[in-house]
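Number of protein chains: 2
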Amino acid sequence: MNLSLTALARKTRDCAQTLAVLSTEAKNQAIEAIAQALEAAADEILAANAADCAAAAQDGIPKPLYHRLKLDRAKLQSAIAGVRDVGRLADPVGEVQIHRQLDDGLILKRVTCPLGVLGVIFEARPDAAIQISALAIKSGNGVILKGGKEAIRSCEAIVKAIHLGLSQTAISPDAVQLLTTREATLELLQLDQFVDLIIPRGSNSFVRFVQENTRIPVLGHADGICHLYVDRAADLSQAVAITVDSKTQYPAACNAIETLLIHEAIAPAFLTLVAPALQQHNVELRGDARTCEILDNITPATESDWSTEYSDLILSIKVVDSLTDAIAHINEYGSGHTDAIVTENTDAAETFLSQVNAAGVFHNCSTRFADGFRYGFGAEVGISTQKLPPRGPVGLEGLVTYKYKLVGHGHIVATYSGDNAKSFAHKDLD
Amino acid sequence: MNLSLTALARKTRDCAQTLAVLSTEAKNQAIEAIAQALEAAADEILAANAADCAAAAQDGIPKPLYHRLKLDRAKLQSAIAGVRDVGRLADPVGEVQIHRQLDDGLILKRVTCPLGVLGVIFEARPDAAIQISALAIKSGNGVILKGGKEAIRSCEAIVKAIHLGLSQTAISPDAVQLLTTREATLELLQLDQFVDLIIPRGSNSFVRFVQENTRIPVLGHADGICHLYVDRAADLSQAVAITVDSKTQYPAACNAIETLLIHEAIAPAFLTLVAPALQQHNVELRGDARTCEILDNITPATESDWSTEYSDLILSIKVVDSLTDAIAHINEYGSGHTDAIVTENTDAAETFLSQVNAAGVFHNCSTRFADGFRYGFGAEVGISTQKLPPRGPVGLEGLVTYKYKLVGHGHIVATYSGDNAKSFAHKDLD
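Protein chains in written order, with full-length UniProt numbering: chain A, 1 to 430; chain B, 1 to 430.
If you want it as structure tokens, here you go:
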């Protein structure tokens with residue numbers, strides 16, 4: 001363990017303790033100060049990014065990675081606008097979830113409070129550093145950022161501006177830290193004494209690596225294997241539109257579908273409609289035996305197709321005998337992200353929504369709606385496919401926890417025990 | 001991995017899927033059927049327990065363990081009454097937490113749902129099997145029980161009765177499983193594909209062992225190192241009563257205090273009052289240097305005292321220079337369970353409640369109030385000292401999660417993207 005990283009993490013934790021008790025107004029002022037400092041440093045940030053991009057191009061990094069790394073003036077302005085959007089979000093800290101009189105003068109409150117310190121590990125995208133810093137400040141948390149090595153100059157310029165902005169405010173610049181060495185990622189994952197939540201942003205394999213190498217809770221998901229089931233009672237033209245949207249609207253997204261399940265009763269009719277619609281969008285179709293009987297010239301699917309997230313214009317298709325079989329397939333091969341049914345039969349829909357074990361269960365709409373912004377959270381911190389809350393798209397509420405505050409006037413438990421025990425009132429207030 | 005345990009866990013999971021969609025009425029009927037079956041099998045259960053106790057006595061198990069193992073008719077009746085109490089609790093499943101119109105005809109609901117399968121590992125207490133089975137059914141979860149080997153006959157008799165009770169209901173007896181072999185505990189901890197939450201009930205070292213040997217989320221806490229800080233502005237007689245209650249009302253409880261922190265300005269006056277009051281309850285006092293200067297004949301505390309949970313009539317005492325020092329000591333040595341301040345100064349109280357990092361932060365009352373029943377939850381599934389929710393005493397809500405249900409009428413995301421993107425309404429309903 002690198003002693004200096006431990007010392008840095010401890011400083012961030014101590015600083016976060018002060019940040020935790022700041023007013024909404026003080027936090028919003030700091031967020032505005034960050035926005036202004038980023039605007040003032042725009043030229044410097046863009047120059048640093050240009051240097052990162054030049055180095056990356058020389059190293060021949062893949063084109064999609066290069067696009068994520070590249071920061072032009074419009075993208076930077078949009079990221080700064082995003083900072084001000086975070087300023088306008090409701091403060092997630094200080095929400096009273098339980099307010100209960102246990103007895104005369106003994107009042108219990110459950111109140112939301114910051115987690116403490118966030119560890120955010122992202123790959124090439126430097127604008128992620130901007131967004132997550134604003135979210136951390138708004139939720140009263142310190143944050144330790146670790147960006148990809150391709151983005152190191154950009155991240156340094158961004159964090160320098162954030163520090164300059166914070167130096168004008170009630171918040172210590174130490175609340176936002178940047179790690180730059182390659183070794184730092186593994187060390188960060190070991191700091192469970194100081195870091196309360198890890199947010200990994202990157203490829204599935206990267207997220208899985210993080211999940212398997214830390215005892216700190218991780219907010220994120222490795223896989224997004226989403227399904228669309230077209231029931232025997234589906235409106236077929238609606239089902240075609242939903243299939244095309246769920247697959248092609250943004251195929252690299254985690255909420256795009258990978259597998260289409262079709263009830264055997266409508267399989268010939270539906271496949272005849274949906275296949276050309278998908279092929280028009282250049283989707284490669286891989287079908288099970290029954291699908292291949294109906295459609296000519298498509299690739300047969302193999303067992304591994306059912307558990308593959310293509311993140312690309314490829315779709316596996318399976319004909320099932322029943323709703324029950326569709327649900328069983330999804331619960332076996334799905335990743336618990338988002339699965340949808342198209343049907344006019346409300347009983348079938350209700351069964352699907354109840355029995356499919358996923359963060360999102362949708363009826364007659366595209367899986368692509370599974371998103372914090374579309375849900376109206378104002379921001380999306382991540383999408384979780386674990387079963388315990390927070391589950392699904394997570395907004396600012398994923399960056400806070402709660403504590404129980406109990407205020408009495410000398411109350412002791414002996415009063416409520418033994419032979420002459422007094423009863424509790426347990427009366428909810430407000 | 002024992003194949004039969006995997007098969008059993010899979011069966012429990014499949015069975016839980018059916019249980020998840022049952023009505024509150026059907027679950028309550030099953031709970032009443034369990035209560036009646038346990039009443040009918042009382043003689044058999046007590047005979048099995050007598051055999052367990054005889055064997056345990058012959059093996060010379062420690063007295064406290066023997067007392068937890070021993071089930072007399074009154075204790076069994078009280079456990080059965082507890083089952084009926086669970087029947088009367090509000091159903092934690094189906095609660096609508098978010099109800100939002102995203103656009104015309106596109107309705108989002110966040111609804112609570114069962115976790116799936118609980119793994120409950122407990123030591124000698126056979127009545128734990130009764131309580132946790134009722135809680136599992138009420139929350140719509142399957143449960144795999146693993147009792148201590150001393151309680152094997154008792155647990156078998158109890159689960160036999162529960163199965164008999166369930167066989168008369170809509171719930172398959174497979175929803176409640178009992179493991180009896182010693183190897184089963186470790187195997188259970190590996191079943192992250194089928195088990196969604198582990199609840200360990202036992203010693204601190206046992207809970208720590210479970211936490212360190214599973215990837216399944218664990219509900220529980222290893223340590224309960226709770227503090228009471230007596231501020232310079234404390235009402236001293238109130239502080240004495242709270243100290244005595246927090247330490248002696250039930251010293252083995254996790255919410256009893258282990259360390260008393262005292263502001264130096266009132267240390268001589270307060271120690272002179274509180275020491276005899278504690279010693280009257282046979283509490284052994286261990287003081288830091290300044291405490292030892294004020295009190296004669298007490299044991300000096302060593303560094304290890306500050307991080308020891310005595311679970312016994314022992315109390316470490318430290319004189320601090322300030323509120324800040326008290327908070328720093330607690331955040332360094334505490335276990336995040338429950339810490340209290342006694343003061344008439346509301347600013348000091350507010351600072352303490354905000355800055356102490358614990359599940360429970362109390363003002364002018366005993367730490368012993370940190371308990372699900374006293375908080376009015378009706379039941380306590382466990383107490384969590386982790387930072388992420390659920391934190392602190394956890395009632396039935398700790399056994400459920402939520403899913404997002406989105407219902408549309410053919411809605412696709414393409415409508416809300418691109419040049420002519422439609423805006424979302426994001427209107428909360430009800």
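From the three backbone atoms N, C-alpha and C, an ideal C-beta is built for every residue, glycine too.
Cβ of residue i within 8 Å of any chain B Cβ
i: phenylalanine 424 of chain A; result: yes
i: cysteine 15 of chain A; result: no
i: serine 366 of chain A; result: yes
i: tyrosine 333 of chain A; result: no
i: isoleucine 330 of chain A; result: no
i: glutamine 190 of chain A; result: no
i: proline 217 of chain A; result: yes
i: phenylalanine 369 of chain A; result: yes
i: threonine 401 of chain A; result: yes
i: isoleucine 242 of chain A; result: yes
i: tyrosine 229 of chain A; result: no
i: serine 322 of chain A; result: no
i: phenylalanine 352 of chain A; result: no
Selection from the options that minimises the alpha carbon distance to residue i
i: leucine 106 of chain B; options: B:Ile162, B:Val320, B:Gly360, B:Gly410; result: B:Gly410
i: lysine 387 of chain A; options: B:Gln193, B:Ala57, B:Pro173, B:Glu25; result: B:Gln193
i: lysine 247 of chain B; options: B:Ser366, B:Gly418, B:Thr291; result: B:Ser366
i: proline 251 of chain B; options: B:Thr324, B:Glu284, B:Ala128; result: B:Glu284
i: isoleucine 31 of chain A; options: A:Val117, A:Ala136, A:Asp339; result: A:Ala136
i: leucine 118 of chain B; options: B:Ala9, B:Ala267, B:Gly378; result: B:Ala9
i: threonine 385 of chain B; options: A:Tyr404, A:Ser384, A:Gly376; result: A:Tyr404
i: glycine 360 of chain A; options: A:Gly94, A:His426, A:Phe270, A:Asn255; result: A:Asn255
i: leucine 273 of chain A; options: A:Ala234, A:Ala81, A:Leu89, A:Lys75; result: A:Ala234
i: phenylalanine 373 of chain B; options: A:Asn282, A:Ser423, A:Arg208; result: A:Ser423
Beta carbon proximity, residue i to chain A, threshold 8 Å
i: valine 413 of chain B; result: yes
i: leucine 135 of chain B; result: no
i: lysine 63 of chain B; result: no
i: proline 389 of chain B; result: yes
i: lysine 138 of chain B; result: no
i: glutamine 279 of chain B; result: no
i: serine 4 of chain B; result: no
i: aspartate 430 of chain B; result: no
i: arginine 100 of chain B; result: yes
Residue i burial status per 10 Å Cβ neighbour count (16 or more: buried)
i: serine 154 of chain A; result: buried
i: glutamate 344 of chain A; result: exposed
i: glutamine 97 of chain B; result: exposed
i: alanine 301 of chain B; result: buried
i: threonine 346 of chain A; result: exposed
i: serine 335 of chain B; result: buried
i: methionine 1 of chain B; result: Low confidence applies to methionine 1 of chain B: its pLDDT is 49, below 50, so where it sits in the model is not reliable enough to give any reading.
i: alanine 348 of chain B; result: buried
i: glutamine 77 of chain A; result: exposed
i: leucine 429 of chain A; result: exposed
i: aspartate 103 of chain B; result: buried
i: histidine 363 of chain A; result: buried
CB of residue i within 8 Å of CB of residue j, strictly
i: isoleucine 199 of chain A; j: leucine 219 of chain A; result: yes
i: isoleucine 257 of chain A; j: cysteine 226 of chain A; result: yes
i: isoleucine 158 of chain A; j: alanine 129 of chain A; result: yes
i: aspartate 223 of chain B; j: glutamate 309 of chain B; result: yes
i: leucine 178 of chain B; j: isoleucine 216 of chain B; result: no
i: arginine 290 of chain A; j: isoleucine 266 of chain A; result: no
i: leucine 228 of chain B; j: leucine 278 of chain B; result: no
Alpha carbon of residue i to alpha carbon of residue j, nearest angstrom
i: aspartate 245 of chain A; j: threonine 351 of chain A; result: 24 Å
i: alanine 151 of chain A; j: arginine 125 of chain A; result: 7 Å
i: serine 4 of chain B; j: valine 111 of chain A; result: 45 Å
i: glycine 408 of chain B; j: arginine 368 of chain A; result: 12 Å
i: valine 326 of chain B; j: threonine 18 of chain A; result: Before going further, note that residue 326 of chain B is alanine rather than valine in the sequence given. Each residue's Cα considered, the two are about 16 Å apart.
i: leucine 315 of chain B; j: isoleucine 341 of chain B; result: 16 Å
i: asparagine 141 of chain A; j: glycine 395 of chain A; result: 14 Å
i: asparagine 331 of chain B; j: valine 413 of chain B; result: 47 Å
i: leucine 197 of chain A; j: threonine 338 of chain B; result: 22 Å
i: lysine 27 of chain A; j: tyrosine 402 of chain A; result: 19 Å
i: cysteine 53 of chain B; j: leucine 46 of chain B; result: 10 Å
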